[in-house]
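Numbering (the numbering used here), first residue to last: 10 to 265. Where a beta carbon is used, it is the ideal one built from N, C-alpha and C, also for glycine. Predicted model only: the values in this text are computed from it and were never measured. The block underneath contains the structure these notes are about, expressed in C-alpha coordinates.
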(Lines of atoms letter the chains of each structure in order from A and count residues from 1; the text may use other names and numbers.)
(Lines give C-alpha, C1' and ligand atoms only; values in the text may rest on other atoms or scores of the structure.)
Protein backbone atom coordinates (compact mmCIF):
# COMPACT_ATOMS: atom_id res chain seq x y z
CA UNK A 1 0.00 0.00 0.00
CA UNK A 2 1.32 3.43 -0.96
CA UNK A 3 1.83 5.64 2.09
CA UNK A 4 4.13 8.51 2.93
CA UNK A 5 6.03 6.50 5.52
CA UNK A 6 6.71 3.62 3.12
CA UNK A 7 8.04 6.12 0.58
CA UNK A 8 10.43 7.51 3.17
CA UNK A 9 11.51 4.02 4.21
CA UNK A 10 12.14 2.98 0.61
CA UNK A 11 14.11 6.17 -0.08
CA UNK A 12 16.39 5.55 2.86
CA UNK A 13 16.82 1.88 1.96
CA UNK A 14 17.88 2.99 -1.52
CA UNK A 15 20.46 5.32 0.01
CA UNK A 16 21.84 2.49 2.11
CA UNK A 17 22.02 0.28 -0.97
CA UNK A 18 23.85 2.95 -2.99
CA UNK A 19 26.39 3.46 -0.22
CA UNK A 20 27.07 -0.27 -0.04
CA UNK A 21 25.68 -0.60 3.48
CA UNK A 22 23.68 -3.74 4.31
CA UNK A 23 20.00 -3.16 4.99
CA UNK A 24 18.50 -4.55 8.19
CA UNK A 25 16.46 -3.39 11.17
CA UNK A 26 19.46 -1.90 12.95
CA UNK A 27 20.65 0.30 10.10
CA UNK A 28 17.10 1.27 9.12
CA UNK A 29 16.29 2.33 12.66
CA UNK A 30 19.53 4.32 12.95
CA UNK A 31 18.90 6.18 9.69
CA UNK A 32 15.30 6.79 10.71
CA UNK A 33 16.38 8.41 13.94
CA UNK A 34 19.00 10.52 12.19
CA UNK A 35 16.51 11.85 9.65
CA UNK A 36 14.08 12.96 12.36
CA UNK A 37 11.13 11.40 10.54
CA UNK A 38 10.76 8.29 12.70
CA UNK A 39 7.34 9.40 13.87
CA UNK A 40 5.98 9.38 10.33
CA UNK A 41 7.07 5.77 9.90
CA UNK A 42 5.46 4.37 13.01
CA UNK A 43 8.74 3.80 14.77
CA UNK A 44 10.64 0.56 15.22
CA UNK A 45 7.43 -1.51 15.50
CA UNK A 46 6.42 -0.65 11.95
CA UNK A 47 9.91 -1.49 10.65
CA UNK A 48 9.78 -4.83 12.45
CA UNK A 49 6.38 -5.58 10.93
CA UNK A 50 7.68 -4.85 7.44
CA UNK A 51 10.71 -7.03 8.04
CA UNK A 52 8.58 -9.93 9.27
CA UNK A 53 6.40 -9.86 6.16
CA UNK A 54 9.31 -9.50 3.73
CA UNK A 55 11.01 -12.59 2.21
CA UNK A 56 14.61 -12.81 3.45
CA UNK A 57 17.54 -14.18 1.47
CA UNK A 58 19.58 -14.25 4.64
CA UNK A 59 20.38 -11.70 7.28
CA UNK A 60 23.69 -9.92 7.13
CA UNK A 61 25.46 -9.06 10.34
CA UNK A 62 28.00 -6.69 8.82
CA UNK A 63 26.70 -3.49 10.43
CA UNK A 64 26.31 -5.05 13.87
CA UNK A 65 30.01 -5.11 14.82
CA UNK A 66 30.39 -1.51 13.66
CA UNK A 67 27.38 -0.34 15.66
CA UNK A 68 28.49 -2.25 18.75
CA UNK A 69 32.02 -0.88 18.46
CA UNK A 70 30.77 2.68 18.14
CA UNK A 71 28.52 2.21 21.16
CA UNK A 72 31.47 0.84 23.11
CA UNK A 73 33.64 3.88 22.41
CA UNK A 74 30.79 6.20 23.38
CA UNK A 75 30.35 4.34 26.68
CA UNK A 76 34.09 4.55 27.30
CA UNK A 77 34.07 8.31 26.69
CA UNK A 78 31.10 8.82 29.00
CA UNK A 79 32.75 6.75 31.73
CA UNK A 80 36.04 8.64 31.43
CA UNK A 81 34.26 12.00 31.38
CA UNK A 82 32.44 11.09 34.60
CA UNK A 83 35.70 9.94 36.18
CA UNK A 84 37.44 13.20 35.25
CA UNK A 85 34.51 15.25 36.55
CA UNK A 86 34.49 13.36 39.86
CA UNK A 87 38.24 13.88 40.22
CA UNK A 88 37.73 17.60 39.63
CA UNK A 89 34.99 17.91 42.24
CA UNK A 90 36.93 15.77 44.73
CA UNK A 91 40.66 16.15 43.96
CA UNK A 92 41.73 14.39 47.20
CA UNK A 93 44.81 16.55 47.53
CA UNK A 94 45.87 16.29 43.90
CA UNK A 95 47.09 19.41 42.14
CA UNK A 96 45.62 20.77 38.94
CA UNK A 97 48.64 19.39 37.09
CA UNK A 98 47.97 15.93 38.51
CA UNK A 99 44.33 16.13 37.45
CA UNK A 100 45.32 17.25 33.97
CA UNK A 101 47.73 14.32 33.68
CA UNK A 102 44.93 11.98 34.79
CA UNK A 103 42.52 13.37 32.20
CA UNK A 104 45.11 13.22 29.45
CA UNK A 105 46.12 9.63 30.23
CA UNK A 106 42.53 8.38 30.43
CA UNK A 107 41.52 10.00 27.14
CA UNK A 108 44.73 8.84 25.46
CA UNK A 109 44.01 5.29 26.60
CA UNK A 110 40.70 5.35 24.74
CA UNK A 111 42.35 6.73 21.61
CA UNK A 112 45.09 4.12 21.83
CA UNK A 113 42.55 1.31 22.20
CA UNK A 114 40.65 2.58 19.18
CA UNK A 115 43.85 2.82 17.15
CA UNK A 116 44.65 -0.80 18.04
CA UNK A 117 41.15 -2.08 17.24
CA UNK A 118 42.53 -4.21 14.40
CA UNK A 119 44.81 -6.10 16.76
CA UNK A 120 43.91 -9.51 18.14
CA UNK A 121 43.38 -12.94 16.57
CA UNK A 122 43.58 -12.90 12.78
CA UNK A 123 42.45 -15.44 10.24
CA UNK A 124 45.47 -17.37 8.99
CA UNK A 125 44.21 -17.01 5.42
CA UNK A 126 44.32 -13.21 5.69
CA UNK A 127 47.83 -13.32 7.15
CA UNK A 128 48.94 -15.71 4.40
CA UNK A 129 47.60 -13.43 1.66
CA UNK A 130 49.42 -10.41 3.11
CA UNK A 131 52.64 -12.39 3.51
CA UNK A 132 52.56 -13.74 -0.04
CA UNK A 133 51.93 -10.23 -1.36
CA UNK A 134 54.97 -8.97 0.57
CA UNK A 135 57.15 -11.80 -0.77
CA UNK A 136 56.03 -11.05 -4.31
CA UNK A 137 56.89 -7.40 -3.80
CA UNK A 138 60.38 -8.32 -2.60
CA UNK A 139 60.81 -10.78 -5.48
CA UNK A 140 59.98 -8.09 -8.03
CA UNK A 141 62.67 -5.84 -6.53
CA UNK A 142 65.93 -7.81 -6.85
CA UNK A 143 68.67 -6.90 -4.41
CA UNK A 144 70.84 -4.22 -5.96
CA UNK A 145 73.20 -3.76 -3.04
CA UNK A 146 71.07 -1.02 -1.50
CA UNK A 147 69.19 -1.83 1.71
CA UNK A 148 65.67 -0.40 1.81
CA UNK A 149 65.39 0.04 5.57
CA UNK A 150 66.99 2.62 7.85
CA UNK A 151 70.72 2.12 8.02
CA UNK A 152 72.07 1.36 11.52
CA UNK A 153 75.32 2.78 12.82
CA UNK A 154 77.77 0.55 10.93
CA UNK A 155 78.02 -1.19 7.58
CA UNK A 156 78.26 -4.55 9.32
CA UNK A 157 75.06 -4.02 11.28
CA UNK A 158 73.30 -2.87 8.11
CA UNK A 159 74.27 -6.10 6.36
CA UNK A 160 73.18 -8.19 9.34
CA UNK A 161 69.75 -6.55 9.62
CA UNK A 162 69.19 -5.66 5.94
CA UNK A 163 68.30 -2.23 7.25
CA UNK A 164 65.92 -1.42 10.09
CA UNK A 165 62.31 -1.86 8.98
CA UNK A 166 59.29 0.02 10.41
CA UNK A 167 57.90 -3.11 12.10
CA UNK A 168 61.20 -4.30 13.60
CA UNK A 169 61.85 -4.59 17.32
CA UNK A 170 65.61 -4.56 17.88
CA UNK A 171 66.82 -5.54 21.35
CA UNK A 172 70.47 -4.89 22.21
CA UNK A 173 71.54 -7.26 24.99
CA UNK A 174 74.95 -7.92 26.54
CA UNK A 175 76.80 -8.15 29.83
CA UNK A 176 77.30 -4.94 31.84
CA UNK A 177 79.87 -2.43 30.58
CA UNK A 178 79.94 -3.86 27.08
CA UNK A 179 78.83 -0.65 25.35
CA UNK A 180 75.10 -1.29 24.90
CA UNK A 181 74.08 2.30 25.58
CA UNK A 182 76.85 3.67 23.38
CA UNK A 183 75.81 1.43 20.50
CA UNK A 184 72.16 2.37 20.95
CA UNK A 185 73.06 6.06 20.96
CA UNK A 186 75.06 5.52 17.78
CA UNK A 187 71.87 4.20 16.18
CA UNK A 188 70.04 7.29 17.38
CA UNK A 189 72.73 9.65 16.08
CA UNK A 190 72.84 7.92 12.72
CA UNK A 191 69.06 8.08 12.28
CA UNK A 192 68.74 11.70 13.41
CA UNK A 193 71.91 13.25 12.02
CA UNK A 194 72.54 11.38 8.79
CA UNK A 195 69.03 10.30 7.79
CA UNK A 196 67.06 13.18 9.32
CA UNK A 197 64.58 10.88 11.10
CA UNK A 198 62.72 11.83 14.31
CA UNK A 199 63.95 9.97 17.39
CA UNK A 200 62.42 9.46 20.83
CA UNK A 201 64.64 8.15 23.65
CA UNK A 202 63.23 6.63 26.83
CA UNK A 203 65.77 6.41 29.65
CA UNK A 204 65.03 4.42 32.79
CA UNK A 205 68.51 4.58 34.31
CA UNK A 206 70.37 7.63 33.04
CA UNK A 207 69.40 11.29 33.45
CA UNK A 208 68.91 13.32 30.30
CA UNK A 209 72.13 15.29 30.84
CA UNK A 210 74.23 12.12 30.96
CA UNK A 211 72.70 10.83 27.75
CA UNK A 212 73.37 14.15 26.04
CA UNK A 213 76.95 14.11 27.33
CA UNK A 214 77.44 10.70 25.72
CA UNK A 215 76.00 11.97 22.47
CA UNK A 216 78.19 15.08 22.38
CA UNK A 217 81.27 13.02 23.21
CA UNK A 218 80.46 10.63 20.38
CA UNK A 219 79.74 13.35 17.83
CA UNK A 220 82.85 15.36 18.73
CA UNK A 221 85.05 12.25 19.00
CA UNK A 222 86.14 13.22 22.51
CA UNK A 223 86.58 10.55 25.16
CA UNK A 224 83.69 11.03 27.58
CA UNK A 225 85.94 9.88 30.42
CA UNK A 226 88.01 13.00 29.87
CA UNK A 227 84.85 15.11 30.11
CA UNK A 228 83.74 13.47 33.38
CA UNK A 229 87.23 13.72 34.86
CA UNK A 230 87.51 17.39 33.87
CA UNK A 231 90.69 16.67 31.95
CA UNK A 232 89.70 18.17 28.61
CA UNK A 233 91.93 20.70 26.89
CA UNK A 234 91.23 23.59 24.54
CA UNK A 235 91.18 21.33 21.50
CA UNK A 236 88.60 19.03 23.11
CA UNK A 237 86.41 21.98 24.07
CA UNK A 238 86.61 23.37 20.53
CA UNK A 239 85.50 20.05 19.09
CA UNK A 240 82.62 19.77 21.58
CA UNK A 241 81.53 23.35 20.90
CA UNK A 242 81.54 22.66 17.19
CA UNK A 243 79.03 19.84 17.55
CA UNK A 244 76.61 21.45 20.01
CA UNK A 245 74.40 22.84 17.27
CA UNK A 246 73.95 19.51 15.51
CA UNK A 247 71.50 17.80 17.92
CA UNK A 248 69.54 21.01 18.51
CA UNK A 249 68.50 21.18 14.87
CA UNK A 250 67.11 17.64 14.78
CA UNK A 251 63.85 16.09 15.99
CA UNK A 252 65.27 14.30 19.03
CA UNK A 253 63.39 13.96 22.30
CA UNK A 254 64.44 12.57 25.67
CA UNK A 255 61.94 11.11 28.12
CA UNK A 256 63.32 10.53 31.59
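Counting along the chain, no alpha helix (DSSP H) covers residue 210; the unbroken beta strand (DSSP E) around it starts and ends at 208 to 211. For residue 173, the three-state secondary structure derived from DSSP is strand. For residue 132 and residue 176, the gap between their C-alpha atoms comes out near 20 Å.
Exclusion of the five residues before and after residue 116 leaves 89 as the residues of its chain whose Cβ lies within less than 7 Å of its Cβ. Excluding residues up to 5 positions away in sequence, 225 lie with their Cβ nearer than 8 Å to the Cβ of residue 253 in the same chain. In the three-state reduction of the DSSP assignment, residue 222 falls in the helix class. Residue 251 sits away from residue 227, with the two beta carbons spaced by 8 Å or more. For residue 193, the uninterrupted alpha helix (DSSP H) segment begins and ends at 189 to 198.
A direct Cα-Cα distance of roughly 59 Å separates residue 206 from residue 15.
Taking a 10 Å sphere around the C-beta of residue 178, we find fewer than 16 other C-beta atoms and assign the residue as exposed. The beta carbon of residue 85 is closer than 7 Å to those of 119 in its chain, skipping five residues each way along the sequence.
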